[in-house]
DNA sequence: GTTTATTTGTGAATAATTTCACAATCAATC
DNA sequence: GATTGATTGTGAAATTATTCACAAATAAAC
Ligand SMILES: NC(=O)c1ccc[n+]([C@@H]2O[C@H](COP(=O)([O-])OP(=O)(O)OC[C@H]3O[C@@H](n4cnc5c(N)ncnc54)[C@H](O)[C@@H]3O)[C@@H](O)[C@H]2O)c1
Ligand SMILES: NC(=O)c1ccc[n+]([C@@H]2O[C@H](COP(=O)([O-])OP(=O)(O)OC[C@H]3O[C@@H](n4cnc5c(N)ncnc54)[C@H](O)[C@@H]3O)[C@@H](O)[C@H]2O)c1
């Protein structure tokens with residue numbers, strides 16, 4: 466079985482987003498060249514990425530926009546509803562709960578957890594906030610598949626341990642620390658400081674030609 | 466002049482964060498092996514990354530924790546204060562302004578902009594919110610070097626165009642769209658949907674062995 | 001229905017990145 | 001101050017990712 470690289474998965478997300486835009490704009494078909502240009506890639510890259518999963522195009526014509534979008538959506542698992550829980554209803558957590566787009570994409574935030582008594586048992590955007598001490602039980606009972614961790618850095622590892630013990634296999638971590646998990650658990654992280662540091666690197670090292 | 470890859474810059478950020486932790490824990494020195502293990506890399510990778518910028522270690526001993534941290538900090542431009550402006554004081558924008566860590570790292574949010582009259586001319590966390598129509602002028606006058614865009618997707622490009630016209634060379638974009646900028650402007654983006662999609666890909670394609 | 005113009009899908013070639021492997025170097029020990 | 005043990009720094013090798021280049025396939029034109 467082929468190994469799909471991180472970069473390819475990342476690009477599939479980009480194609481998906483571009484295709485959504487093209488669909489909205491009324492493009493019925495799109496070529497690898499056109500798709501490549503909007504994402505600053507080469508047409509060969511686009512075709513190679515897609516070729517790992519099958520052949521979706523028509524020679525001489527390109528790809529049918531809607532169809533390719535749906536195919537990629539399927540590859541990315543966006544043809545599902547995923548049950549998501551969010552832990553840590555602070556600044557970041559609240560922003561995420563308010564964000565409607567995730568739900569539209571099939572990421573359904575079903576459970577919220579915090580350890581602050583002032584937040585527990587109150588509703589937040591229509592969802593009851595649970596005590597983090599009931600975490601494992603509720604993750605299991607609600608068949609949660611993805612957990613978003615948005616607690617302070619020091620609490621991230623202990624929370625992650627609970628999440629893992631509940632059998633959850635995928636975690637999105639906003640705390641700027643690498644959490645340790647077993648091999649079969651996938652952790653992705655969003656690290657905004659890292660992106661800012663990338664920018665300050667570029668500002669500080671204009672003599673190095675930085676790849677973009 | 467050597468070209469430094471995105472991956473190397475990303476890892477430098479990771480090393481920096483690890484080194485800060487090791488410093489706090491009281492480690493005076495650290496080997497490439499130890500540093501590699503905490504970030505799930507190889508020692509050779511760590512040494513190669515550093516070698517682009519000089520030789521900072523002592524053979525037989527390793528690296529002095531504090532010294533290496535400061536060296537990497539310097540490479541990343543964290544020995545500066547950077548003047549930052551944030552546009553779009555919604556859910557994401559507010560979370561970012563509240564976050565003290567950025568300032569500690571030298572990213573100083575000096576200006577806030579919005580186009581909502583209810584937010585303009587009010588203070589938010591001690592910073593006056595300006596009207597986005599004064600954007601270009603104020604970015605110039607305050608020598609802003611980094612702009613964070615946290616406006617709705619449809620507004621991202623027009624805002625970016627203003628930012629570019631003010632001469633700002635680095636942008637951190639939270640809107641899930643690729644904004645077009647001249648060659649000499651660096652845009653990094655934080656795309657949370659992309660990370661969620663990566664997770665749902667992993668859940669949907671456990672037959673592909675995904676690189677982590 | 002034949003020709004022409006496109007554009008895909010993919011093996012081969014190239015480029016980039018990572019890992020290997022080891023000489024060079026230094027700290028610590030005796 | 002020689003010896004031992006550890007760890008760096010770095011060319012070379014191996015691996016991985018990207019791009020090239022072209023046959024195959026199809027739509028559109030005539
Ligand atoms: N705010 C930002 O812009 C920003 C930027 C980058 C990274 N981050 C990171 O994101 C994470 C969240 O940041 P934030 O600004 O929302 O913090 P916050 O303090 O506003 O919110 C954290 C929330 O987690 C809850 N919490 C604390 N310990 C808990 C536990 N053990 N179990 C359950 N809930 C717990 C708190 O009650 C609070 O509601 C942090 O790790 C932070 O470093 C935030
Ligand atoms: N909230 C999230 O969790 C989340 C997650 C992923 C991505 N995003 C993206 O981040 C961006 C911000 O999201 P949000 O949830 O904070 O949105 P929001 O609607 O809460 O905030 C947007 C802010 O931008 C202001 N604004 C609108 N047009 C403007 C303009 N032309 N100039 C200046 N200000 C303007 C609005 O007044 C508002 O204050 C969006 O692009 C969104 O897609 C948000």
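Residue numbers (my numbering), protein chains in the order written: chain A, 466 to 677; chain B, 466 to 677.
Don't be surprised by glycine CBs; every beta carbon is placed ideally from N, CA and C.
Keep in mind the model is a prediction, meaning the values are calculated, not measured.
How is the alpha helix (DSSP H) around residue i delimited, first residue to last?
i: residue 668/A; result: 657-669
i: residue 540/A; result: 530-540
i: residue 590/A; result: No alpha helix (DSSP H) holds residue 590/A; DSSP gives it neither H nor E.
i: residue 507/A; result: Per DSSP, residue 507/A belongs to no alpha helix (DSSP H) and is neither H nor E.
i: residue 567/B; result: 565-569
i: residue 526/A; result: Premise fails: residue 526/A is in no alpha helix (DSSP H) and is neither H nor E.
i: residue 604/A; result: 600-606
i: residue 489/A; result: 471-489
Using the beta-carbon count (16 or more within 10 Å), is residue i buried or exposed?
i: residue 661/A; result: buried
i: residue 509/A; result: exposed
i: residue 478/B; result: buried
i: residue 677/B; result: Here the model assigns residue 677/B a pLDDT of 41, short of 50, so the residue's position is not dependable, and the following value carries that caveat. Under this definition residue 677/B is an exposed residue.
i: residue 473/A; result: buried
i: residue 534/A; result: buried
i: residue 606/B; result: exposed
i: residue 546/A; result: exposed
i: residue 542/A; result: buried
i: residue 491/B; result: exposed
i: residue 525/B; result: exposed
i: residue 665/A; result: buried
i: residue 593/B; result: exposed
i: residue 530/A; result: buried
i: residue 584/B; result: buried
i: residue 610/A; result: buried
i: residue 581/A; result: exposed
i: residue 671/A; result: exposed
i: residue 649/B; result: exposed
i: residue 570/B; result: buried
i: residue 558/A; result: buried
i: residue 471/A; result: exposed
Should residue i be counted as a contact of ligand 1 given a C-beta to heavy atom distance under 7 Å?
i: residue 552/A; result: yes
i: residue 580/A; result: yes
i: residue 657/B; result: no
i: residue 615/A; result: yes
i: residue 645/A; result: no
i: residue 642/B; result: no
i: residue 564/B; result: yes
i: residue 618/A; result: yes
Nearer than 7 Å: is that true of the beta carbon of residue i relative to any heavy atom of ligand 2?
i: residue 628/A; result: no
i: residue 561/A; result: yes
i: residue 489/A; result: no
i: residue 557/B; result: yes
i: residue 625/A; result: no
i: residue 597/B; result: yes
i: residue 639/B; result: yes
i: residue 631/B; result: no
i: residue 502/A; result: no
i: residue 486/A; result: no
i: residue 621/B; result: yes
i: residue 584/B; result: yes
For residue i versus residue j, is the C-beta spacing smaller than 8 Å?
i: residue 634/B; j: residue 668/A; result: yes
i: residue 489/A; j: residue 527/A; result: no
i: residue 637/A; j: residue 603/A; result: no
i: residue 481/A; j: residue 538/A; result: yes
i: residue 552/A; j: residue 616/A; result: yes
i: residue 517/B; j: residue 549/B; result: no
i: residue 655/A; j: residue 646/A; result: no
i: residue 589/B; j: residue 561/B; result: no
i: residue 643/B; j: residue 504/A; result: yes
i: residue 621/A; j: residue 640/A; result: yes
i: residue 578/B; j: residue 595/B; result: yes
i: residue 614/B; j: residue 625/B; result: yes
i: residue 483/A; j: residue 506/A; result: no
Starting from residue i, trace the beta strand (DSSP E) in both directions and tell me its first and last residue.
i: residue 628/B; result: Counting along the chain, residue 628/B falls outside any beta strand (DSSP E), though it belongs to the alpha helix (DSSP H) covering 618-630.
i: residue 554/B; result: Premise fails: residue 554/B is in no beta strand (DSSP E) and is neither H nor E.
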